[in-house]
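**Student:** Dropping the structure in here first, questions after.
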Amino acid sequence: MRLTFDDTVEAFRFEFRAWLAEHRPTAEEMAADPAISSAHLPDWARRWTRRMFDDGWLVPGWPPERGGRNAAAVETLVYLEELERARVPRTTNPQGLGIVAPSILDFGSEEQIARFAMPILRGEKAACLGMSEPGAGSDLASLSTRAVVDGDHFVVNGQKVWTSGANQADVCFLFCRTDPHAPKHKGISVLLVDMDTAGVTVRPLPHITKPEQTGLNEVFFTDAAVPAANLLGELNNGWALAGASLAHERGMVWVGTVMELESAFERLAGEAREVLPGMPAFEQARAVDDVVRCYIDVQAAKCLGYRSFAKLARGGSAPEQALMKAFCSESSRRLHLVGSELQGDRGLDVWEARRGEQAWIEQYFNSFGGTISAGTSEIQRNIIAERVLGLPRG
Numbered sequence: 050m051r052l053t054f055d056d057t058v059e060a061f062r063f064e065f066r067a068w069l070a071e072h073r074p075t076a077e078e079m080a081a082d083p084a085i086s087s088a089h090l091p092d093w094a095r096r097w098t099r100r101m102f103d104d105g106w107l108v109p110g111w112p113p114e115r116g117g118r119n120a121a122a123v124e125t126l127v128y129l130e131e132l133e134r135a136r137v138p139r140t141t142n143p144q145g146l147g148i149v150a151p152s153i154l155d156f157g158s159e160e161q162i163a164r165f166a167m168p169i170l171r172g173e174k175a176a177c178l179g180m181s182e183p184g185a186g187s188d189l190a191s192l193s194t195r196a197v198v199d200g201d202h203f204v205v206n207g208q209k210v211w212t213s214g215a216n217q218a219d220v221c222f223l224f225c226r227t228d229p230h231a232p233k234h235k236g237i238s239v240l241l242v243d244m245d246t247a248g249v250t251v252r253p254l255p256h257i258t259k260p261e262q263t264g265l266n267e268v269f270f271t272d273a274a275v276p277a278a279n280l281l282g283e284l285n286n287g288w289a290l291a292g293a294s295l296a297h298e299r300g301m302v303w304v305g306t307v308m309e310l311e312s313a314f315e316r317l318a319g320e321a322r323e324v325l326p327g328m329p330a331f332e333q334a335r336a337v338d339d340v341v342r343c344y345i346d347v348q349a350a351k352c353l354g355y356r357s358f359a360k361l362a363r364g365g366s367a368p369e370q371a372l373m374k375a376f377c378s379e380s381s382r383r384l385h386l387v388g389s390e391l392q393g394d395r396g397l398d399v400w401e402a403r404r405g406e407q408a409w410i411e412q413y414f415n416s417f418g419g420t421i422s423a424g425t426s427e428i429q430r431n432i433i434a435e436r437v438l439g440l441p442r443g
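Quick note: the sequence shown, position 145, residue 194 per this note's numbering, numbers continuous.
Next up, the structure:
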């Protein structure tokens with residue numbers, strides 16, 4: 050499937066492509082200091098974010114003073130396509146750029162925007178998202194981290210888990226319970242917590258296939274004093290902020306996801322061409338069927354994505370984004386399983402496989418995270434049932 054765009058949009062594409070060719074970070078820079086394994090944002094990542102901001106390419110649809118150039122929605126689409134095609138990260142702090150900064154711009158005071166949002170956009174600060182807890186993963190409203198008013202501060206106690214990037218964050222976008230007596234959806238607030246606050250402790254969690262990298266963390270709050278001025282929006286209105294925050298994350302993230310699927314399928318097709326001729330006939334037929342199903346998944350994902358985009362571009366809502374999220378993450382898991390099966394026993398050794406490009410088993414392990422982060426597949430199916438299909442609850 051291919052879409053064609055008018056001359057104005059194509060001119061925008063080639064302008065950004067030329068800018069990328071001149072200013073993109075080098076592969077050597079990115080490999081020498083991978084963002085995920087650092088206890089800080091690497092220098093190249095900070096420079097890259099600042100360059101994107103200054104030149105209006107950080108969030109093209111925003112005004113220039115916020116790192117954009119007032120681009121149309123369709124121009125933002127081709128911008129994301131070009132980033133993925135060039136294999137250059139838009140940011141090494143996706144929670145900060147995609148969720149925290151936009152939410153502060155929407156709900157924060159001028160002081161909060163100046164102190165938190167703008168430094169995130171300029172690459173001066175990194176942010177993490179304090180949502181999931183040991184007893185509250187998909188059911189965010191069951192969170193138990195407490196924030197109690199004490200004069201001009203909140204005193205915070207509790208624990209968060211699976212917090213991406215907390216090990217390198219300067220600020221946490223923290224969901225906490227501020228009214229334990231209210232219904233669980235109505236007693237939640239959001240605090241902007243400086244990560245160097247006394248009583249905040251970060252403990253990295255080992256990665257299943259890369260123990261030397263620390264992307265996920267536990268965060269503990271022990272009598273952490275947070276200024277009342279760091280309350281985002283209204284007290285006990287955190288549930289509304291949660292919906293708005295995740296809407297920012299899910300916006301057009303599908304563009305990168307679909308292009309990653311396309312790229313993975315190209316690798317899968319290459320693997321199939323290499324190994325299929327040596328397979329017994331009965332195994333070959335099943336393998337061909339699996340590869341074709343993966344191709345169909347990729348094409349279906351593109352159709353879903355463009356349909357969702359068309360609705361958003363017209364100013365409407367697109368509950369199909371839940372379908373897109375669930376379908377793409379499940380398709381990625383299936384595709385990488387097929388790649389692992391094609392490799393057979395030679396692909397089972399993760400450490401050996403990592404030396405080559407076709408580390409299918411490692412990527413298969415990693416693909417399970419996509420079915421959990423930003424809302425599990427089970428939660429997405431509930432949304433699809435209620436908002437897309439109009440089925441009753443219960």
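Using N, Cα and C, we set each Cβ at its ideal position, and we do this for glycine too.
Short of 7 Å in beta carbon distance, which residues of its chain neighbour C343, apart from the five on each side in sequence? Order them along the chain.
**Tutor:** Around C343: F314, L317, R383, L384, V387.
**Student:** How should P91 be labelled, buried or exposed, when 16 other C-beta atoms within 10 angstroms of its C-beta is the threshold for buried?
**Tutor:** Its Cβ being crowded by 16 or more others within 10 Å, P91 is buried.
**Student:** Keeping to the same chain, check which residues put their C-beta closer than 7 Å to that of E311; ignore five residues upstream and five downstream.
**Tutor:** Once the five neighbours on either side are set aside, the close Cβ partners of E311 are V347.
**Student:** Taking 8 Å as the cut-off, does the region 232–244 touch the region 270–281 (at least 3 CB pairs, one atom from each stretch)?
**Tutor:** At 8 Å Cβ cutoff, the stretches touch.
**Student:** Look up K432 in the DSSP assignment and give the residues it is bridged to.
**Tutor:** Note that residue 432 is Ile in the sequence shown here, rather than Lys. Paired residue(s): none; I432 is not in a bridge.
**Student:** Could you check what DSSP says for H256 in three-state terms: helix, strand or coil?
**Tutor:** Coil at H256, not helix or strand.
**Student:** Leaving out five residues before and five after A231 in sequence, what residues of the same chain have Cβ atoms less than 8 Å from its Cβ?
**Tutor:** Result list for A231: N285, in chain order.
**Student:** Tell me whether S87 sits in a helix, a strand or coil according to DSSP, three-state version.
**Tutor:** Its pLDDT being 45, under 50, S87 is placed unreliably by the model, and the measurement read from it follows with that caveat. Correct three-state label for S87: coil.
**Student:** CB-CB under 7 Å to F156, same chain, minus the five flanking residues each way: which ones, in chain order?
**Tutor:** Counting only Cβ-Cβ distances below 7 Å, and skipping sequence neighbours, we find L281, G282, L290.
**Student:** Where do the N-terminal and C-terminal ends of the beta strand (DSSP E) with T125 fall, by residue?
**Tutor:** From DSSP, T125 is part of no beta strand (DSSP E) but of the alpha helix (DSSP H) over 122–135.
**Student:** Pop quiz: P112 and A120 are said to be a contact at Cβ under 8 Å. What is the actual Cβ separation, rounded to whole angstroms?
**Tutor:** That belief does not hold up - the Cβ atoms of P112 and A120 are roughly 10 Å apart, past 8 Å.
**Student:** For A293 and S152, what's the separation of their Cα atoms in angstroms?
**Tutor:** Looking at the two C-alpha atoms, the distance is approximately 7 Å.
**Student:** On the DSSP bridge list, what partners appear for H202?
**Tutor:** Answer is D199, P276, bridged to H202.
**Student:** List the residues that DSSP assigns as beta-bridge partners of G424.
**Tutor:** According to DSSP, G424 bridges with nothing at all.
**Student:** Straight-line CA distance for T98 to Q217?
**Tutor:** About 16 Å.
**Student:** Go to A67, then tell me how far its alpha helix (DSSP H) extends in each direction, as first and last residue.
**Tutor:** Residues 56–72.
**Student:** Which same chain residues, not among the five before or five after P69, have their C-beta less than 8 Å away from its C-beta?
**Tutor:** It should be pointed out that residue 69 corresponds to Leu in this sequence rather than to Pro. E131, L132, A135, V137.
**Student:** Per DSSP, E182 is paired with what?
**Tutor:** The partner list for E182 (beta bridge, DSSP) reads A185.
**Student:** To which residues of the same chain is A321 closer than 8 Å at the C-beta, ignoring the five residues directly before and after it?
**Tutor:** For A321, where only same-chain residues beyond five positions count, the Cβ hits under 8 Å are A336, V337, V340, L391.
**Student:** Using 8 Å for Cβ pairs, my map puts F39 next to L126. What's the rounded Cβ distance?
**Tutor:** Because the chain in this structure spans residues 50 to 443, residue 39 falls outside the shown range and cannot be described.
**Student:** Kindly indicate which three-state DSSP category D243 falls into: helix, strand or coil?
**Tutor:** D243: strand per DSSP, three-state reduction.
**Student:** Have a look at F224, A434, S181, R62 and flag the residue whose alpha-carbon is nearest the alpha-carbon of W211.
**Tutor:** Checking every option, the nearest Cα to that of W211 belongs to S181.
**Student:** Could you give the first and the last residue of the continuous alpha helix (DSSP H) run that contains R95?
**Tutor:** Counting along the chain, the alpha helix (DSSP H) containing R95 begins and ends at 92–103.
**Student:** I need the straight-line Cα distance from P253 to I237, nearest angstrom please.
**Tutor:** Rounded to whole angstroms, P253 to I237 spans 26 Å at the Cα level.
**Student:** Roughly how far, in whole angstroms, is the beta-carbon of V220 from the beta-carbon of F165, given that I think they are within contact range, below 8 Å?
**Tutor:** Contact holds; Cβ gap of about 6 Å.
**Student:** Along the chain, where does the alpha helix (DSSP H) containing L170 start, and where does it finish?
**Tutor:** Its alpha helix (DSSP H) spans residues 167–170.
**Student:** Do you know how far the Cα of V307 is from the Cα of G393?
**Tutor:** Cα to Cα, G393 sits roughly 26 Å from V307.
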